[in-house]
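J.: Residue numbers (my numbering): 209 to 364. Here a beta-carbon is modelled for each residue, glycine too, at the ideal position from N, C-alpha and C. Bear in mind the structure is a predicted one, so any value in this text is a computation, not a measurement.
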Amino acid sequence: MTEALEKEAKESDLGMNESTNIFTIFIELAQNMMNYSKSKNEQASSHKSEGLILVGKRPKQKHYYVLSQNIITLEDKERILPKLSELVLMNKETIKQRYRELRKSGSEAHHKGGGIGFYEIAKRSDKLSYEFEQISEKRYYFRMKAIIKTQGKALI
Numbered sequence: 209m210t211e212a213l214e215k216e217a218k219e220s221d222l223g224m225n226e227s228t229n230i231f232t233i234f235i236e237l238a239q240n241m242m243n244y245s246k247s248k249n250e251q252a253s254s255h256k257s258e259g260l261i262l263v264g265k266r267p268k269q270k271h272y273y274v275l276s277q278n279i280i281t282l283e284d285k286e287r288i289l290p291k292l293s294e295l296v297l298m299n300k301e302t303i304k305q306r307y308r309e310l311r312k313s314g315s316e317a318h319h320k321g322g323g324i325g326f327y328e329i330a331k332r333s334d335k336l337s338y339e340f341e342q343i344s345e346k347r348y349y350f351r352m353k354a355i356i357k358t359q360g361k362a363l364i
C-alpha cells in the first residue's frame, strides 16, 4: 500500500497529507474488518475474517476514495449503527473534539464496537458514508466509503 501511494504521489497531484490520510483510513478499515468481519464456517465453529478494501480515484471530481465491505453480525450492526448515525451528522470540529475526548478518556480506544477508529476515519476524510445490506437473518454486508479530496488540479 505504501509503495502504491508513493508511486501515485510521484505520478499525480497527490500530496503528503492526502497520502497519509488515505493510508491511515486504509489501516483503520482493515482493523475494522479484522475485528468485525464474521463468516461462520458451517463445518466448524471457527470464524474467519472476510472482506475487501478498494482504494481508487475520481479524477474529474478531484478526490480519492477508500471503500470497504465486510460481513458483520446483527449484534455488531446494532452496536455500531448508533455511533455511525451520529458521526455522519457531525461537522469537522465536533469530530475532532469528540476524537480528543475519546483519546483522553481511553474508554473506546481499544474497545471492539466502532469506537475511536470511526472517528479517525471521519477526521481524515472529507465525506464518510456507510450502508448495511442484509444477507441472512443475522448477517449483513457492512460497507463504508471515505472520500479524500485533493488540493491541486484535477487528477489525470
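Return the bridge partner residues of K357 from the DSSP annotation.
T.: According to DSSP, which records beta bridges pairwise, K357 is partnered with H271.
J.: Is it buried or exposed for G264, if we count other Cβ within 10 angstroms and need 16 for buried?
T.: Exposed, since its Cβ has fewer than 16 Cβ neighbours within 10 Å.
J.: How should M242 be labelled, buried or exposed, when 16 other C-beta atoms within 10 angstroms of its C-beta is the threshold for buried?
T.: Under this definition M242 is an exposed residue.
J.: What whole-angstrom Cβ distance do F326 and K357 have, given they're in contact under 8 Å?
T.: Going by Cβ atoms, the distance from F326 to K357 rounds to 19 Å, so no, they are not a contact pair.
J.: Three or more beta-carbon pairs under 8 Å between the region 345-357 and the region 263-278, yes or no?
T.: Yes, the region 345-357 is in contact with the region 263-278.
J.: By the 10 Å Cβ neighbour count, where 16 or more other Cβ atoms means buried, how is L297 classified, buried or exposed?
T.: L297 should be labelled exposed.
J.: What span of residues does the beta strand (DSSP E) with I288 cover, start to end?
T.: No beta strand (DSSP E) holds I288; the alpha helix (DSSP H) holding it covers L282 to L295.
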